[in-house]
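Data first, discussion second: the structure below is written as structure tokens.
2 protein chains.
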Amino acid sequence: MSDAKIRRPKAETPKGFRDYFGAEVTERKAMLDKIAEVYHRYGFDPLETSAVETVEALGKFLPDVDRPNEGVFAWQDEDKDWLALRYDLTAPLARVAAQYRNDLPSPYRRYAMGPVWRNEKPGPGRFRQFYQCDADTVGSASVAADAEICAMLSDALETVGIPRGDYVVKVNNRKVLNGVMEVAGILDPSDPTKFEVERGIVLRAIDKIDRLGFGGVAALLMKGRTDESGDFTEGAGLSFEQVEVIESYLRALGSYEAQLAKRSEQNRRVVKRLRELVGTSVEGCEGVAELEAIAEILDAGGYGPDRIVIDPGVVRGLGYYTGPVFEAELTFEILDEKGRKRSFGSVAGGGRYDGLVKRFTGQDVPATGVSIGVDRLLAALRAKGRSTGDTAGPVVVTVMDRDRMADYMSMVADLRNAGIRAEVYLGNPKNFGNQLKYADKRQSPVAVIQGGNEADKGSVILKDLILGAQIAKDATLEEWKDRPAQVEVPRGDLVAAVRKMLAQ
Amino acid sequence: MSDAKIRRPKAETPKGFRDYFGAEVTERKAMLDKIAEVYHRYGFDPLETSAVETVEALGKFLPDVDRPNEGVFAWQDEDKDWLALRYDLTAPLARVAAQYRNDLPSPYRRYAMGPVWRNEKPGPGRFRQFYQCDADTVGSASVAADAEICAMLSDALETVGIPRGDYVVKVNNRKVLNGVMEVAGILDPSDPTKFEVERGIVLRAIDKIDRLGFGGVAALLMKGRTDESGDFTEGAGLSFEQVEVIESYLRALGSYEAQLAKRSEQNRRVVKRLRELVGTSVEGCEGVAELEAIAEILDAGGYGPDRIVIDPGVVRGLGYYTGPVFEAELTFEILDEKGRKRSFGSVAGGGRYDGLVKRFTGQDVPATGVSIGVDRLLAALRAKGRSTGDTAGPVVVTVMDRDRMADYMSMVADLRNAGIRAEVYLGNPKNFGNQLKYADKRQSPVAVIQGGNEADKGSVILKDLILGAQIAKDATLEEWKDRPAQVEVPRGDLVAAVRKMLAQ
Numbered sequence: 154m155s156d157a158k159i160r161r162p163k164a165e166t167p168k169g170f171r172d173y174f175g176a177e178v179t180e181r182k183a184m185l186d187k188i189a190e191v192y193h194r195y196g197f198d199p200l201e202t203s204a205v206e207t208v209e210a211l212g213k214f215l216p217d218v219d220r221p222n223e224g225v226f227a228w229q230d231e232d233k234d235w236l237a238l239r240y241d242l243t244a245p246l247a248r249v250a251a252q253y254r255n256d257l258p259s260p261y262r263r264y265a266m267g268p269v270w271r272n273e274k275p276g277p278g279r280f281r282q283f284y285q286c287d288a289d290t291v292g293s294a295s296v297a298a299d300a301e302i303c304a305m306l307s308d309a310l311e312t313v314g315i316p317r318g319d320y321v322v323k324v325n326n327r328k329v330l331n332g333v334m335e336v337a338g339i340l341d342p343s344d345p346t347k348f349e350v351e352r353g354i355v356l357r358a359i360d361k362i363d364r365l366g367f368g369g370v371a372a373l374l375m376k377g378r379t380d381e382s383g384d385f386t387e388g389a390g391l392s393f394e395q396v397e398v399i400e401s402y403l404r405a406l407g408s409y410e411a412q413l414a415k416r417s418e419q420n421r422r423v424v425k426r427l428r429e430l431v432g433t434s435v436e437g438c439e440g441v442a443e444l445e446a447i448a449e450i451l452d453a454g455g456y457g458p459d460r461i462v463i464d465p466g467v468v469r470g471l472g473y474y475t476g477p478v479f480e481a482e483l484t485f486e487i488l489d490e491k492g493r494k495r496s497f498g499s500v501a502g503g504g505r506y507d508g509l510v511k512r513f514t515g516q517d518v519p520a521t522g523v524s525i526g527v528d529r530l531l532a533a534l535r536a537k538g539r540s541t542g543d544t545a546g547p548v549v550v551t552v553m554d555r556d557r558m559a560d561y562m563s564m565v566a567d568l569r570n571a572g573i574r575a576e577v578y579l580g581n582p583k584n585f586g587n588q589l590k591y592a593d594k595r596q597s598p599v600a601v602i603q604g605g606n607e608a609d610k611g612s613v614i615l616k617d618l619i620l621g622a623q624i625a626k627d628a629t630l631e632e633w634k635d636r637p638a639q640v641e642v643p644r645g646d647l648v649a650a651v652r653k654m655l656a657q
Numbered sequence: 154m155s156d157a158k159i160r161r162p163k164a165e166t167p168k169g170f171r172d173y174f175g176a177e178v179t180e181r182k183a184m185l186d187k188i189a190e191v192y193h194r195y196g197f198d199p200l201e202t203s204a205v206e207t208v209e210a211l212g213k214f215l216p217d218v219d220r221p222n223e224g225v226f227a228w229q230d231e232d233k234d235w236l237a238l239r240y241d242l243t244a245p246l247a248r249v250a251a252q253y254r255n256d257l258p259s260p261y262r263r264y265a266m267g268p269v270w271r272n273e274k275p276g277p278g279r280f281r282q283f284y285q286c287d288a289d290t291v292g293s294a295s296v297a298a299d300a301e302i303c304a305m306l307s308d309a310l311e312t313v314g315i316p317r318g319d320y321v322v323k324v325n326n327r328k329v330l331n332g333v334m335e336v337a338g339i340l341d342p343s344d345p346t347k348f349e350v351e352r353g354i355v356l357r358a359i360d361k362i363d364r365l366g367f368g369g370v371a372a373l374l375m376k377g378r379t380d381e382s383g384d385f386t387e388g389a390g391l392s393f394e395q396v397e398v399i400e401s402y403l404r405a406l407g408s409y410e411a412q413l414a415k416r417s418e419q420n421r422r423v424v425k426r427l428r429e430l431v432g433t434s435v436e437g438c439e440g441v442a443e444l445e446a447i448a449e450i451l452d453a454g455g456y457g458p459d460r461i462v463i464d465p466g467v468v469r470g471l472g473y474y475t476g477p478v479f480e481a482e483l484t485f486e487i488l489d490e491k492g493r494k495r496s497f498g499s500v501a502g503g504g505r506y507d508g509l510v511k512r513f514t515g516q517d518v519p520a521t522g523v524s525i526g527v528d529r530l531l532a533a534l535r536a537k538g539r540s541t542g543d544t545a546g547p548v549v550v551t552v553m554d555r556d557r558m559a560d561y562m563s564m565v566a567d568l569r570n571a572g573i574r575a576e577v578y579l580g581n582p583k584n585f586g587n588q589l590k591y592a593d594k595r596q597s598p599v600a601v602i603q604g605g606n607e608a609d610k611g612s613v614i615l616k617d618l619i620l621g622a623q624i625a626k627d628a629t630l631e632e633w634k635d636r637p638a639q640v641e642v643p644r645g646d647l648v649a650a651v652r653k654m655l656a657q
């Protein structure tokens, strides 16, 4: 069959997938390495499960209750078993905790970093494969485990380069939310399934407080709300009195000014107010006591309200949370795509989920953990100019004389042995301009040149490409006159001379 | 529905997949980080493609010609496109090189590390997901690119901990093999498809020289061979004269003793012998000239035959290689599962493949590269005691009094802030014996204890668990009498005292 008759395959990533090049890879790696160091110091051990799980083991715990149709990539293997790509790192942890329950230490602290896959409609900045970075403690019912996760999250953010004051870890408790809903009459402890739909609407409304304000939330709690586009969202149908209960709850945090005025006492003040609000609800009181204990432990460890605050507005979408929930928010402002200022927002979240392992074993296994949104945190570091991927290009040894390739290779060998990133030009050497264009594309700091004349003299020419680029930009040689853009040195001084040029 | 009626999911990894815990993860990461450093120094840039590709882009380039039925994990997405998990890192590179051909530097040097997936029958030590670690140069037809890959492979092996002398990088050239087959009359340059089956048998036979010796290979070249189990492998049907050509070729390397005697001249000697053998075959002469150039470049860079040798026995199974092929072999001996000595064998391989990118673009794009077998190299490092995963357990702060959790948490906070890996016991503290058992399972070096008495005095007790384990093993305290297994120190001295105990 001739070439012309063969239909050529398309060279394309599948829809919703992307490739990562150079600094994109090293930046992420540098960030994850720093986070892993923090997790390790906290006694967490790495766990790497495979990308593939049985559909049975993954279960139907897809995270976002707002989009229940969100799916996984799944296929049937030759034994007719259904396999799927993991959609998060928590479901595989639950499987591992059950599978190895007799061998793992208990409590089991583990961290995991790696890609997860979602079979959902891709959109701008929304990919079907992305990284997660989780830390969880399985087998501890103690709120000390939740407090530890919050402290560790705070340390991790500072370690990667988010300074104190530019972030806040917010803590809340699902039990407090339930207590308030009990007071509002939409949770009956003797019949937990009653008012389930209403509670779902209330939780999602509270989650939108930052965006909609009290007015918007109140509309959602009552008849419903029509947004700017004209779309109507059905409300929970609560009475005015019921809405007042929820609103008092949301106002428990106090105004931003009040928070700043007495920051050190803020957590204590919020706990006190929440205790009043949950009244006699058993679950609500339990939740408030847990929040109080978490704040106390964190305070004792030096993690005061300048880093970690109790915030009743935190809900977290996931259905499976059963106690404390947390969220890390970056508080500095960035410009959005329309040039408007807005605060950066959430980069991590988590909470206590006591039901996941029980699916497998039937036994209660308490667990708590956090997941860092790797891409969002990276974007934040880039916005702050704190990203640390290695972008330095290599020294490029050019090829003037194809027959002396061995000489050029021995130059790069010398440079590399001295720890200097270096490469020889391996394309067609005929056109020397192409070699310099290549060095430019590689962001090379120095080009090494040895033609026949230099070879006869036993010397090499070094071209300072960074200086060259600056001269080209500034269009004046004046300020660079003490620094030559090009030097000729003996071949034996190659390494020392390159090192000197790199140090300038 | 009651719990009893729910069929519980099985907590199992899918068949052929496995989990990696703790040091298994950090050991691999430490090794890959070191290799990445070498690749980076050689000017290679990282590339991370997604795990999922279109089946169309992956194509039918499954590596092992012996098992053509080996498959991929594939499924149809909602748009009816077939997607699949990548089976290696080369096919995605070919796709990337075609997709971004106008943006990438040319030549493009890239490295990639990550899991790949094979839908094949799992066996002992044979998994359906495993790591690969590749470096390739796309867009250079120069043998300097091949030589560079060999030198880099050699550096990478030494950097991870395989000392010089314990490995050898073997280089051969497919064109030389073809030249010899032309001389033997089983390759007709004017009709390349003729004798294809015979050449396949010959290549596979040569590949088995280490295991079968000349006798076994000769049988496969002629009528065929019956192995110990009684299985018959069909032969290539060559005549005695034809077999003699192949045998001379295989003997070109010379005896092991001859190699040792004149190592520095070995490559030159082999090249000379190969030149005689390929006679007038154009392709064969080209291949020999390439081998000679590679050896010359490597020699000039200091990579002599103590590290890199020309070895006619290297074939490499992949159908797509078109020129130089390489293989890194570890030469030290280990004991196999039956206690017999055998040399460790191959840990990396690669070569030049000029057809992969052409599939997409129709244009010739030369490429060469190497893939390191991550699991095999890790196993080798473990066998040599050179693996460097972090296995140190954390200091464990025990909990004597549940109400003083904040105190214990502040102790671990102090230790962590001093850079010491530490954790508080987060299980049920009722049974103190369980806490020490936990510390033991965590391989903890030191346990910190503070009961009511110590709290009143403002002190803590430190228990040296490594010493404790040694005493328990040796059953004598005599030799440890200067080193107390347990000390009581003021709470304020906690960090200093732990540090001292860890340093012992």
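The listed protein sequences derive, respectively, from chains P and A. Sequential numbering of the first sequence, starting at 154, is according to my numbering. Sequential numbering of the second sequence, starting at 154, is according to my numbering. Using N, Cα and C, we set each Cβ at its ideal position, and we do this for glycine too.
Between residue i and chain A, is any beta-carbon pair separated by less than 8 Å?
| i | result |
| --- | --- |
| Phe174 (chain P) | yes |
| Pro258 (chain P) | yes |
| Val249 (chain P) | yes |
| Gln639 (chain P) | no |
Against chain P, does residue i count as a neighbour if the rule is that its beta carbon must be under 8 Å from one of theirs?
| i | result |
| --- | --- |
| Val651 (chain A) | no |
| Arg421 (chain A) | no |
| Gly454 (chain A) | yes |
| Arg239 (chain A) | no |
| Lys491 (chain A) | no |
| Glu165 (chain A) | yes |
| Thr179 (chain A) | yes |
| Val613 (chain A) | no |
| Lys225 (chain A) | According to the sequence shown, residue 225 (chain A) is Val rather than Lys. Taking Cβ atoms only, chain P never reaches closer than 8 Å to Val225 (chain A), which makes this a no. |
| Glu449 (chain A) | yes |
| Pro275 (chain A) | no |
| Pro342 (chain A) | no |
Under the rule that 16 or more other beta-carbon atoms within 10 Å means buried, what is residue i, buried or exposed?
| i | result |
| --- | --- |
| Asn420 (chain A) | buried |
| Arg512 (chain P) | buried |
| Ala164 (chain P) | buried |
| Phe385 (chain A) | exposed |
| Phe98 (chain P) | The structure shown has nothing for residue 98 (chain P), since chain P only spans 154 to 657. |
| Arg271 (chain P) | buried |
| Leu488 (chain P) | exposed |
| Ala297 (chain A) | buried |
| Phe393 (chain P) | exposed |
What residues are listed by DSSP as bridge partners for residue i?
| i | result |
| --- | --- |
| Gly276 (chain A) | A:Arg279 |
| Met184 (chain P) | None; Met184 (chain P) has no bridge partner. |
| Gly175 (chain P) | None; Gly175 (chain P) has no bridge partner. |
Mind reading off the beta-carbon distance from residue i to residue j? Whole number of angstroms is fine, and I expect it under 8 Å.
| i | j | result |
| --- | --- | --- |
| Tyr284 (chain P) | Val523 (chain P) | At roughly 15 Å, the Cβ-Cβ gap does not stay under 8 Å, so Tyr284 (chain P) and Val523 (chain P) are not in contact. |
| Thr541 (chain A) | Phe585 (chain A) | Not quite, the Cβ-Cβ distance comes to about 35 Å (not below 8 Å), so this is no contact. |
**Prompt:** Listed from N- to C-terminal order along the chain, which residues in the stretch 542-563 of chain P have their beta-carbon within a distance smaller than 9 Å of any beta-carbon of chain A?
**Reply:** Asp543, Gly546, Pro547, Val548, Val549, Val552, Arg555, Met558, Ala559, Asp560, Tyr561, Met562, Ser563
**Request:** May I ask you to list, following chain order, the residues of the stretch 187-218 of chain A that have a beta carbon less than 7 Å from some beta carbon of chain P?
**Result:** Taking 7 Å as the Cβ-Cβ cut-off against chain P, the residues of the stretch 187-218 of chain A that qualify are His193, Arg194, Tyr195, Gly196, Asp198, Pro199, Leu200, Glu201, Thr202, Ser203, Ala204, Val205, Glu206, Thr207, Glu209, Ala210, Gly212.
**Prompt:** Using a Cβ cut-off of 7 Å, which residues of the stretch 283-296 of chain P contact any Cβ in chain A, in chain order?
**Reply:** Thr290, Gly292, Ser293, Ser295
**Asked** Just by C-beta distance, which residues in the stretch 374-400 of chain P are closer than 7 Å to chain A?
**Response** none
**Request:** Please list the residues of the stretch 577-608 of chain P that have a C-beta atom closer than 7 Å to any C-beta atom in chain A, keeping them in chain order.
**Result:** Val577, Leu579, Gly580, Tyr591, Lys594, Arg595
**Prompt:** Between the stretch 504-516 of chain P and chain A, which residues of the former have CB atoms less than 7 Å from a CB of the latter, in chain order?
**Reply:** Arg512, Phe513, Gly515
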